[in-house]
Structures are given as C-alpha cells and as structure tokens.
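The next block holds one structure in the form of structure tokens; read it before the comments.
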Amino acid sequence: MQLTGADSALTKTQLRRQLLVQRQSMPAQQWCLLSQILCQQLQRSPVWQQAQTVLAYMTFRQEPDLRELLTQAEQSHQWGLPRCVGQDLVWHRWHPQQLEVLQPSQYGILEPPSNLPLLGATEVDLILVPAVACDRNGFRLGYGGGYYDRLLATPTWSTVPTIGIVFEQAYLDHLPTDPWDQPLDAICTEKGLFFN
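Here my numbering is used: the first residue of the sequence shown is 184, the next is one more, and so on.
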C-alpha cells in the first residue's frame, strides 16, 4: 500500500486509527483466508524451518491469525507467548494444547499465566511480531505502548531474528518513525516474506 501525499503527513495516532478501522472491517471469511495464506508463506521460508523456539502472539483486533502455525507445527517447534509486566514483555513457554490457561491481560489480549516457565533470549530462535502496520524499511507501527521497541532495544534481545506479521494492505512504503523505534529483520504478508 502506498500512502498518498495527504496520508503521508498523518501522525502515528491518526494512521493507527485509520488502519485499525480498515483491518477490523475485513469480512471474517477474508480474514481467515488471508491468515491461512500468510501462515503458509511463513512455513515455506528457511528462517521458519530452521527455528526451533518461536515467540508468537494471540490474535487481537483482527491481526493475522497464527493458529494454523500453532496447530500444524507443534511437533517441530516450541512456543513462547508474551505477558505484560509493568512496562516490559516477559515470555513464557507455552504449548498449543494449553489454550485454556490463557487469561485476558489489562489490554484484553490473551496471555499466559505467570506460573508457566520463563523463556530467555538465548533460548529463542525467532520472534513473530504483531503490528498495526510495517514498512519497507522494517519499521512497525504498534499499538503505542512501546513494549516491543523496549524489548528489541536491549542487547540480549536485539540479536534474535524478528519478523513483523501484517496483511499486505498494512505493508506500507514508509511509516512515521521516532528515534526509539526498532526495525525488524523481515516482514511477512500473505504475498510473501520480505527481508529488509
């Protein structure tokens, strides 16, 4: 998607609002189909096939749904899910069969309970990063909390490969950025996996 001259002057807040409305207006059948195709694109990539421990997310506000990955790859991958603790993300080991243990966070996002085993950066091969939008330079527009930017700015987490997960309609030429924004290594949409 290319922003018009008027759109390119939008603030992050305005752009986030516009893109969320667009994404959440997608018919359920289209959302399911595009999510499935996106998961297939990811599964074909060497970076996915070589990863053993993957950090993922539970879909929120009609983000691309990763359930196909979680159910089909449970034999070959180990999973981690985030939990918000103060201003930070803490990662816990999780298995797709543990769906019932997930609890809604203060933001309404399903997250693991604190008693599941923790995961550190040295145990992780890949992070699938949710986003409202991503651009061709690897920058992402999140929900404004800065959780992933803070995580990826730390020396221990900055070396773990990252893939932003968005639908093609939210893969833009350019996003407004701030000095603290951390670029991702690649972006995956239903059209393919694009390295930055």
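For glycine and all other residues, C-beta sits at the position ideal for the given N, C-alpha and C.
Own chain residues within Cβ distance below 6 Å of residue i, not counting five before or after
i	result
Gln219	Glu251
Asp318	Leu355, His357 and Leu358
Leu225	Trp231 and Cys371
Phe378	Ala369
Tyr240	Pro313
Gln223	none
Val273	Arg266
Sub-8 Å separation of residue i and residue j beta-carbons
i	j	result
Glu294	Gln286	yes
Leu249	Leu311	yes
Phe350	Ile292	no
Phe380	Asp364	There is no way to answer for residue 380, as the model of the chain reaches only from 184 to 379.
Glu373	Leu253	no
Proximal residues to residue i (C-beta, below 7 Å), its chain only, five neighbours per side dropped
i	result
His275	Gly263, Leu264, Arg266, Pro295, Leu299, Pro300, Leu301 and Leu302
Ser228	Leu376
Trp340	Ala304 and Leu334
Val315	Arg199, Leu202, Leu203, Leu324, Gly325, Tyr326 and Ala353
Gln235	His260, Gln261 and Asp308
Nearest to residue i (by Cα), restricted to the options the options
i	options	result
Trp214	Leu193, Gln197, Gln223 and Pro247	Pro247
Leu335	Leu249, Lys374 and Pro366	Pro366
Tyr290	Trp277, Glu306 and Val268	Val268
Ser208	Thr236, Gln245, Val237 and Leu238	Gln245
Val237	Thr194, Thr345 and Ser288	Thr345
Asp332	Trp277, Asp361 and Gln233	Asp361
Glu306	Val343, Pro279 and Ser288	Val343
Per DSSP, the bridge partner or partners of residue i
i	result
Asp318	Leu355
His275	Leu264 and Leu301
Leu311	Ile346
Arg199	Paired residue(s): none; Arg199 is not in a bridge.
Pro366	Beta-bridge pairing links Pro366 to no other residue.
Glu294	Gln286
Arg333	DSSP, once it has assigned bridges, lists no residue as partnering Arg333.
Thr339	Thr339 pairs with nothing; no bridge assigned.
Residues near residue i in its chain [Cβ-Cβ closer than 8 Å; skip 5 each side]
i	result
Thr196	Gly327
Open item on the list: Quick check for students: name the residue ranges of the beta strand (DSSP E) that lie wholly in the segment 238-262, counting only runs of 3 or more.
Closed with: List check, beta strand (DSSP E) in window: nothing returned.
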